[in-house]
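Here is the structure we will look at.
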Amino acid sequence: EAAAGRTERVVPAYERGIEATHGAPPLVVELAAWHEAHAQPDRAIALYEAWTQRDPVSDVAANNLAMLLAAYRSKDPQAIERAMKLAQRFADSHSAAYLDTYGWVSFRHGELARAVEVLKRAVQLAPEDPQLRFHLGYTLLKSGERAEAKPHLQLALSGKTAYPEAEEARRALASLGNSG
Numbered sequence: 029e030a031a032a033g034r035t036e037r038v039v040p041a042y043e044r045g046i047e048a049t050h051g052a053p054p055l056v057v058e059l060a061a062w063h064e065a066h067a068q069p070d071r072a073i074a075l076y077e078a079w080t081q082r083d084p085v086s087d088v089a090a091n092n093l094a095m096l097l098a099a100y101r102s103k104d105p106q107a108i109e110r111a112m113k114l115a116q117r118f119a120d121s122h123s124a125a126y127l128d129t130y131g132w133v134s135f136r137h138g139e140l141a142r143a144v145e146v147l148k149r150a151v152q153l154a155p156e157d158p159q160l161r162f163h164l165g166y167t168l169l170k171s172g173e174r175a176e177a178k179p180h181l182q183l184a185l186s187g188k189t190a191y192p193e194a195e196e197a198r199r200a201l202a203s204l205g206n207s208g
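In structure tokens:
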């Protein structure tokens, strides 16, 4: 009940703030993260869709929307096409986060070779990021590169940083067993 009470206050407060500030990016990002953390990815996606409509050149909006689409609508070809259109702007980025998005969306789009190449660049920029290690390790695994995937999956699970796909990383590493 306490959580429900907070929900009844938190969401409308953010929505009022977003409306009053004509979509202030920090408020949109915080509310979208709140929705995602509370298993409401469609609401987070809707916030970023609205932001990209208001500001089509916003890299933050494009990045976050593309990653949400790749994470929560990976089985929807139209959503993955949309994510790819949004993420293509990051192909030559020097940001690990933007490269990760482009690489992960490329993976979801079925372009494994490109995904591996881009995710390797992302990991070079942020080698300690467990989610980047997971994305690279998982993509390598699905590309048939079991031996190369294993250390990345191990590193993805070695830190204390939580990320949404940690359980998937455990399963992927377990699927390798003692091989590779």
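In this text, residue positions in the sequence shown follow our numbering: the first is 29, and each later residue adds one.
Using N, Cα and C, we set each Cβ at its ideal position, and we do this for glycine too.
As the structure is a computational prediction, the values presented were derived from the model and not from experiment.
- Item | Range of the contiguous alpha helix (DSSP H) that encloses Lys170 | 158 to 170
- Query: Does the distance from the CB of Leu164 to the CB of Val151 come in under 9 Å?
  - Reply: yes
- Message: Excluding the 5 residues flanking Arg37 on each side, which residues of the same chain have their C-beta closer than 7 Å to its C-beta?
- Response: none
- Message: My output table needs one value for Thr80: the three-state DSSP class, helix, strand or coil.
- Response: helix
- Message: Taking only three categories from DSSP, how would you classify Lys188?
- Response: Per DSSP, reduced to three states, the secondary structure at Lys188 is coil, with no helix or strand assignment.
- Task: Give the DSSP-derived three-state secondary structure of Arg199 in the structure shown.
- Result: helix
- Item | Limits of the unbroken alpha helix (DSSP H) element including His143 | The sequence given here places Ala at residue 143; His does not occur at that position. Start and end: 140 to 153.
- Query: Excluding the five sequence neighbours on either side, which residues of its own chain have a C-beta within less than 6 Å of the C-beta of Tyr166, listed in chain order?
  - Reply: Ala200
- Straight-line gap, Val88 to Ala141 (C-alpha atoms, nearest Å): 25 Å
- Task: Measure the C-alpha to C-alpha separation of Arg101 and Gly131 and round it to an integer number of angstroms.
- Result: 16 Å
- Query: Apart from the five residues on each side of it in sequence, which residues of its chain come closer than 6 Å, Cβ to Cβ, to Arg117?
  - Reply: Within the same chain, Arg117 has no close Cβ partners at all.
- Query: Nearest CA to the CA of Arg161: which residue from Ala65, Thr189, His137?
  - Reply: Thr189
- Kindly give me the distance between the Cβ atoms of Ala107 and Leu97, rounded to whole angstroms, as I take these residues to be in contact under 8 Å. 5 Å
- Item | The alpha helix (DSSP H) enclosing Lys113, as first and last residue numbers | Run containing Lys113: 105 to 115, per the alpha helix (DSSP H) assignment.
- When you compare each of Glu195, Leu204, Gly51, Ser134 to Met95 by their alpha carbons, which one comes out closest? The shortest Cα separation from Met95 among Glu195, Leu204, Gly51, Ser134 belongs to Ser134.
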